[in-house]
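Visitor:
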Amino acid sequence: MGYLFKSAYSQVALLNARVPIDEALKDPNLTAEEKSKLELTLRARHFASQELGLKVDKNYSSFVKLDRPYVSYAISASPKWKLESYRWSFPIVGQVPYKAYFKESDALEEEAELKNQDYDTYVRGVTAYSTLGWFNDPLLSSMLRGREAYLVNTIIHESVHATLFIKSEADFNERLATFLGNKGMELFYQKTEGANSATLKAVLFDSEDDQIFSQFISRELKQLEQWYQQVTPEQKTEEIRQQRIAQIQKNFESQILPKLKSHSMENFGKVRLNNARLVVYKTYMQDLKDFEKLYVLTGNNFSEFMKVCRGLENHKNPNEGLKELIASYKK
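Heads up: the sequence shown begins at 4 in the working numbering, then just goes up one per residue.
#1: Who are the Cβ neighbours of residue 166 in its own chain at under 6 Å, not counting the five residues just before and after it?
#2: Does DSSP put residue 200 in a helix, in a strand, or in coil?
#3: To which residues of the same chain is residue 129 closer than 7 Å at the C-beta, ignoring the five residues directly before and after it?
#4: Which one of 131, 154, 134 and 88 has the shortest CA to CA distance from residue 124?
#5: Output the boundary residues of the alpha helix (DSSP H) element that contains residue 253.
#6: Compare the Cα-Cα distances from residue 202 to each of 275, 296, 259 and 156 and report the closest residue.
#7: Mind the definition here: the stretch 173–191 touches the stretch 149–163 only if three or more C-beta pairs lie below 8 Å; say whether that holds.
#8: Specify, as a first and last residue, the run of the alpha helix (DSSP H) that residue 77 falls within.
#9: If we require 3 or more residues per run, which beta strand (DSSP E) segments fall completely within the stretch 63–124?
#10: Counting only the same chain and skipping the five closest in sequence on each side, list residues whose C-beta sits under 8 Å from that of residue 254.
#11: Give every residue of the same chain whose Cβ lies closer than 8 Å to the Cβ of residue 197, excluding the five residues on either side of it in the sequence, and list them in chain order.
#12: For residue 332, which residues from the same chain have a beta carbon less than 7 Å from its beta carbon, with the 5 sequence-adjacent residues on both sides left out?
#13: Can you have a look at residue 95 and say buried or exposed, based on whether 16 or more other CB atoms are within 10 angstroms of its CB?
#14: Under the three-state reduction of DSSP, which class applies to residue 31: helix, strand or coil?
#15: Alpha helix (DSSP H) containing residue 325: first to last residue?
#16: Could you tell me how far apart the beta carbons of residue 208 and residue 259 are, in whole angstroms, since I believe they sit closer than 8 Å?
#17: Buried or exposed for residue 330, going by 16 or more other Cβ atoms inside 10 Å?
#18: Starting from residue 166, trace the alpha helix (DSSP H) both ways and give me its first and last residue.
#19: I need the DSSP call for residue 127, collapsed to helix, strand or coil.
#20: Residue 287 and residue 177 look like a contact to me (Cβ under 8 Å); what is the Cβ gap, rounded to whole Å?
#21: Relative to the C-alpha of residue 32, which residue among 144, 303 and 244 is closest?
#22: Report yes if the CB atom of residue 297 is closer than 8 Å to the CB atom of residue 274, and no otherwise.
#23: Only counting the same chain, and skipping five residues up and downstream in sequence, which positions put a Cβ closer than 8 Å to that of residue 214?
#24: Tell me where the alpha helix (DSSP H) around residue 5 begins and ends.
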């Protein structure tokens, strides 16, 4: 209850700090680049609503200038000898494999407690999140970091969450939003800049690299899960475990990095990797090829694809339901 109270207090404070984007554009303290991205936000939200059929309502029509680089800090955790997400339970969203705090110190405090229970942990800064339609989400200054295409992707990603979010199925929800964030971004630049756009070429490279990385990490995670099941008690030392995890990064450097056309995943071989970070990749990136298969089967039509996916809301296992949908189209 203490966590929920503090989160609610911070959420209300955030909402109270909103100003309409039209008003924010007049702020002399904002840079020209920031104002350009505010204008891009208005175009992206209109596209998400009118062209993609996503639920946008009044989301991203207001702006909040934060006093910090991230809006919140999320913690993930996993047992050291099992590739499984530690899950927290909350009203409305159900069980989720992460917990977010508005203060980094609170996230680090929880991380320390989990480490004391011998879990692998991973704390990361979060630039954006969706309240799933409960509030009118503002554009946050943290969302303005990076390339313009990333901002477009984020708005579409979060709008997918506001349109379809299945309780206690965070892995499905996040993979769906990751996939459609990429597709929607591609469609936005096709519409606004044309087929010969340099931006479109760059985002297509990003999407291709995501698919390559998804196939790689899906395979590696399954092999690691099998290794954890087969390793004997006598072999269970931290040194051996770290060597096995390091092998994933060595495989990436030798097999995948030379194939990449963008810079989005190039640092994977250098990050501090443990089970907690790996289960985040599992949540966001595993088996994106299934979504690609269904997208093709629905005629490469974003709205039709989304309509079909909404039929999985009451499925007991939407990931299995996705495979069933693919099989039904092929009959």
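Ideal placement from N, C-alpha and C gives every residue a C-beta, glycine not left out.
Guide: With the structure as the only source:
#1: The residues are 57 and 58.
#2: Three-state DSSP puts residue 200 in coil, outside helix and strand.
#3: Once the five neighbours on either side are set aside, the close Cβ partners of residue 129 are 73, 74, 75, 76, 77 and 103.
#4: Selected option, being the one with the closest Cα: 88.
#5: Start and end: 241–254.
#6: Considering only alpha carbons, the answer is 156.
#7: Yes, they touch.
#8: Per DSSP, residue 77 is not a residue of any alpha helix (DSSP H); the beta strand (DSSP E) it occupies stretches across 75–82.
#9: DSSP runs (the beta strand (DSSP E)) wholly in the stretch 63–124: 65–67, 75–82, 91–93, 97–99 and 102–104.
#10: Taken in chain order, the residues that qualify are 219 and 223.
#11: Excluding residues up to 5 positions away in sequence, 203 lie with their Cβ nearer than 8 Å to the Cβ of residue 197 in the same chain.
#12: Excluding five sequence positions before and after residue 332, the CB atoms of its chain that fall closer than 7 Å to its own CB belong to 300, given in chain order.
#13: With fewer than 16 Cβ atoms within 10 Å of its Cβ, residue 95 is classed as exposed.
#14: It is coil, neither helix nor strand.
#15: Where residue 325 is concerned, the enclosing alpha helix (DSSP H) stretches over 321–333.
#16: The C-beta distance from residue 208 to residue 259 rounds to 14 Å, too long to fall under 8 Å, and the pair is not in contact.
#17: Result: exposed.
#18: Boundaries of the alpha helix (DSSP H) around residue 166: 151–166.
#19: Residue 127 falls in the strand class under three-state DSSP.
#20: Contact flag correct, Cβ pair sits at about 5 Å.
#21: Nearest of 144, 303 and 244 to residue 32, Cα basis: 144.
#22: Not a contact, by the Cβ cut-off of 8 Å.
#23: Contacts found: 291, 292 and 295.
#24: Segment 5–19, the alpha helix (DSSP H) holding residue 5.
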